[in-house]
Amino acid sequence: MEYRRLGKTDVYLPVIGFGTWEIGGRFTPDYSADEQAIKIIKLAVEKGITFIDTAEMYGAGHSEEIVGEAIKEFDREKTFIATKVWSSNLRYNDVLRALDGSLKRLKIEYVDLYQIHWPNPGIPLRETMKAMEKLVMEGKTRFIGVSNFCVRDMEEAMSYLSHTDIVSNQVLYNIIDRGIEDEILPFCKENDITVIAYRPLAKGLIAHEPYKSKLESIGKKYGKTAVQVALNWVLRHENVVAIPRTLNPQHLEEILGSIGWKMNREDYEELSRIV
Ligand SMILES: NC(=O)c1ccc[n+]([C@@H]2O[C@H](COP(=O)([O-])OP(=O)(O)OC[C@H]3O[C@@H](n4cnc5c(N)ncnc54)[C@H](OP(=O)(O)O)[C@@H]3O)[C@@H](O)[C@H]2O)c1
Numbered sequence: 014m015e016y017r018r019l020g021k022t023d024v025y026l027p028v029i030g031f032g033t034w035e036i037g038g039r040f041t042p043d044y045s046a047d048e049q050a051i052k053i054i055k056l057a058v059e060k061g062i063t064f065i066d067t068a069e070m071y072g073a074g075h076s077e078e079i080v081g082e083a084i085k086e087f088d089r090e091k092t093f094i095a096t097k098v099w100s101s102n103l104r105y106n107d108v109l110r111a112l113d114g115s116l117k118r119l120k121i122e123y124v125d126l127y128q129i130h131w132p133n134p135g136i137p138l139r140e141t142m143k144a145m146e147k148l149v150m151e152g153k154t155r156f157i158g159v160s161n162f163c164v165r166d167m168e169e170a171m172s173y174l175s176h177t178d179i180v181s182n183q184v185l186y187n188i189i190d191r192g193i194e195d196e197i198l199p200f201c202k203e204n205d206i207t208v209i210a211y212r213p214l215a216k217g218l219i220a221h222e223p224y225k226s227k228l229e230s231i232g233k234k235y236g237k238t239a240v241q242v243a244l245n246w247v248l249r250h251e252n253v254v255a256i257p258r259t260l261n262p263q264h265l266e267e268i269l270g271s272i273g274w275k276m277n278r279e280d281y282e283e284l285s286r287i288v
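The sequence shown finishes on residue 288 if you use our numbering, and the numbering steps up by one all the way, no holes.
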């Protein structure tokens, strides 16, 4: 595994985390694949993917229950558990209550990273950030982050914090969806905010045409597959980590093969151009 510094902290995150959207259901709980999900998360942790990303919204809490079950036999300090508060729970007391619910479902005493899932213009951000900061003070989360925040949202959120920093922004980023490159990515670099790239495999699209053969045209030089090239391309920025999701052990192996090597600059540029 490779590690990258989380924000300005002294914590180093695995560059590949494990995403859990649709694990345990989408908007309602789905118990049908629990065993498979628990097994693959345990396997991921054993292989060094100790950073797991979930959310109270995923499967209406059931994703967190699955993560809790999967990590219970590992040393808590060796895992890095991130979850998110949903955008309708951003009032001060709702944020505090939401994290208590997540901790209960995860069966842990604290999370490593608590993230605001989406901004909600109907609720003052000051109120949300004060609650997030209180949770750090209480030791219920080690760090706070945001998700789907534009630069203006990040600046506003940062202005309300007096004792802590925003360590991360979790945003859509893959070789097809590159919207963060103009403003969000440079801002995060300048401010030492880690970018957690979500949907880094474009939901698996990159393993299919028309993307597959373009990615493979460069990948063959390095003996790498389309998925490995696409993930390596996302991770070429020093402040980016990625959270792909899979239920398939072979896919997990393939994902792990996307790190530990680099393409030359011309190939990264060529990929940016052709895909
Ligand atoms: N903050 C937010 O608003 C937000 C939004 C979306 C997602 N996220 C987070 O980001 C995580 C990742 O995003 P995502 O789950 O939407 O999409 P993703 O990771 O880009 O893609 C997941 C899909 O790719 C397939 N896949 C994985 N490895 C593969 C491989 N080696 N070859 C071919 N297909 C492969 C998976 O199928 P198999 O199971 O068959 O491998 C799955 O269908 C989420 O799980 C969630 O934690 C956050």
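We treat Cβ as the ideally placed atom computed from N, Cα and C, and that holds for glycine.
Measure the C-alpha to C-alpha separation of residue i and residue j and round it to an integer number of angstroms.
{"i": "residue 270", "j": "residue 44", "result": "30 Å"}
{"i": "residue 206", "j": "residue 175", "result": "17 Å"}
{"i": "residue 18", "j": "residue 251", "result": "9 Å"}
{"i": "residue 274", "j": "residue 92", "result": "24 Å"}
{"i": "residue 196", "j": "residue 164", "result": "7 Å"}
{"i": "residue 230", "j": "residue 81", "result": "41 Å"}
{"i": "residue 51", "j": "residue 75", "result": "12 Å"}
{"i": "residue 29", "j": "residue 72", "result": "23 Å"}
{"i": "residue 264", "j": "residue 242", "result": "14 Å"}
{"i": "residue 233", "j": "residue 154", "result": "43 Å"}
{"i": "residue 162", "j": "residue 227", "result": "31 Å"}
{"i": "residue 276", "j": "residue 283", "result": "11 Å"}
{"i": "residue 121", "j": "residue 89", "result": "8 Å"}
{"i": "residue 40", "j": "residue 98", "result": "14 Å"}
{"i": "residue 34", "j": "residue 255", "result": "14 Å"}
{"i": "residue 69", "j": "residue 96", "result": "7 Å"}
Examine ligand 1 and report whether any of its heavy atoms sits within less than 7 Å of the Cβ of residue i.
{"i": "residue 66", "result": "yes"}
{"i": "residue 260", "result": "yes"}
{"i": "residue 214", "result": "yes"}
{"i": "residue 246", "result": "no"}
{"i": "residue 132", "result": "no"}
{"i": "residue 211", "result": "yes"}
{"i": "residue 257", "result": "yes"}
{"i": "residue 141", "result": "no"}
{"i": "residue 183", "result": "yes"}
{"i": "residue 240", "result": "yes"}
{"i": "residue 285", "result": "no"}
{"i": "residue 197", "result": "no"}
{"i": "residue 33", "result": "yes"}
{"i": "residue 161", "result": "yes"}
{"i": "residue 220", "result": "yes"}
{"i": "residue 51", "result": "no"}
{"i": "residue 267", "result": "yes"}
{"i": "residue 81", "result": "no"}
Who pairs with residue i in a beta bridge, going by DSSP?
{"i": "residue 17", "result": "26"}
{"i": "residue 184", "result": "210"}
{"i": "residue 1", "result": "There is simply no residue 1 to check, as the chain begins at 14 and stops at 288 in what is shown."}
{"i": "residue 66", "result": "32 and 95"}
{"i": "residue 38", "result": "35"}
{"i": "residue 254", "result": "209"}
{"i": "residue 189", "result": "Answer is none; residue 189 lacks a bridge partner."}
{"i": "residue 179", "result": "157"}
Measuring CB atoms only, is the region 62 to 81 touching the region 132 to 150, in the sense that at least three cross pairs come out at less than 8 Å? Three or more beta-carbon pairs separated by less than 8 Å are not found between the region 62 to 81 and the region 132 to 150, which leaves the two stretches without contact.
Is the region 121 to 138 close to the region 95 to 104, with three or more CB pairs under 8 Å? Yes, the region 121 to 138 touches the region 95 to 104.
Validate contact between the region 155 to 172 and the region 180 to 194 using beta carbons, cut 8 Å, 3 pairs: As far as the Cβ criterion goes, the region 155 to 172 touches the region 180 to 194, which means the pair count is three or higher.
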